[in-house]
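Asker:
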Amino acid sequence: MSRLQRVRERLGGCSVPPAEEADAAVLLALTAQREPELILTLRAAHMSTHPGEVAFPGGRRDPDDRDLVYTALRESHEEIALDPDCVEIVGALPGRTSRHGVRVCPVVAIVPAQVRLEPNRAELDEVYRIPLDYFLHRENLRIDRVLHQGRAKDVPWYPWGERQVWGLTAVMLIDLLDAVFDFHVELLR
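This note's numbering applies: residue 1 is where the sequence shown begins, and numbers increase by one.
Okay, structure coming up:
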């Protein structure tokens, strides 16, 4: 079974929660090819939140967004010029809350392999396509245990060139790997 068939099989029945259950939505977009790639972005250094961090495309829900899929698609179009008409929505993963208290819904999707993407320079410095297999190799995953407000917690991260995929982005990525590929990483939260 191909990786994308497995994504569809495992997540196809996972519905996206109602809009009021999240403050934001991100798109975990996989390219439709034999060796799928995951689309990630590098937030611009001048941004007020998460400057210079690797993240999924997406963002805050607007009051007039009809649902969280719409939020993820609208934000992805604004950030990386992803045409919503070429996106196959597969399902959603359980929501996560950021360290700033923002409830985020991860929407899983498949996009054409050669989809043209362009970073919106007002928000992003780059768009990455990272092979899904890179994240599936457990030896690439790092986990740091840190003290936060007097409690120990695990912070997962993946090195990627000069960058790191870490924090909430890495947690949602691990959620995807576990849900679809039985990755089984236990994080102290």
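Where a beta carbon is used, it is the ideal one built from N, C-alpha and C, also for glycine.
Under the rule that 16 or more other beta-carbon atoms within 10 Å means buried, what is glutamate 79, buried or exposed?
Answerer: So glutamate 79 ends up on the buried side.
Asker: Count the CB pairs spanning the stretch 52 to 61 and the stretch 84 to 96 that are closer than 8 Å, and state whether there are at least three.
Answerer: The stretch 52 to 61 vs the stretch 84 to 96: no contact.
Asker: So, is leucine 30 buried or exposed, given that buried needs 16 or more other C-beta atoms within 10 angstroms?
Answerer: Classification of leucine 30: buried, given that the 10 Å Cβ count is 16 or more.
Asker: Counting pairs of Cβ atoms below 8 Å between the stretch 112 to 121 and the stretch 25 to 45, do you hit three or more?
Answerer: The answer is yes - the stretch 25 to 45 touches the stretch 112 to 121, with three or more Cβ pairs under 8 Å.
Asker: Checking 8 Å against the spacing of the C-beta atoms, do leucine 141 and leucine 28 come in under that value?
Answerer: Result no, Cβ atoms of leucine 141 and leucine 28 do not sit closer than 8 Å.
Asker: Are the CB atoms of valine 107 and valine 26 within a distance shorter than 8 Å?
Answerer: Contact: yes.
Asker: Which residue from His137, Gln164, Val165 and His148 puts its Cα closest to that of histidine 184?
Answerer: Nearest C-alpha to histidine 184: His137.
Asker: The alpha helix (DSSP H) with glutamine 5 in it runs from where to where?
Answerer: Element bounds for glutamine 5: 3 to 11.
Asker: For methionine 47 and chain C, any beta-carbon pair shorter than 8 Å?
Answerer: The chain labelled as chain C is not found in the depicted structure, where only one protein chain is given.
Asker: Hey, would you say the C-beta of lysine 153 is under 7 Å away from at least one heavy atom of the ligand MG?
Answerer: The ligand MG is not part of the structure shown, which contains no ligands of any sort.
Asker: I'd like the span of the beta strand (DSSP E) that includes threonine 49, first residue to last.
Answerer: Note, threonine 49: premise wrong, no beta strand (DSSP E); not H, not E.
Asker: Using 8 Å as the threshold, is the C-beta distance between arginine 10 and alanine 179 below it?
Answerer: For arginine 10 and alanine 179, yes; Cβs fall inside 8 Å.
Asker: For tyrosine 134, collect the residues of the same chain with a Cβ closer than 7 Å to its Cβ; drop the 5 residues on either side in sequence, then sort them by chain order.
Answerer: The answer, listed in chain order, is Asn140.
Asker: Assign leucine 124 to one of three DSSP states: helix, strand, or coil.
Answerer: Strand, per DSSP.
Asker: Using three-state DSSP, classify arginine 116 as helix, strand or coil.
Answerer: In this structure, arginine 116 counts as coil in the three-state DSSP scheme.
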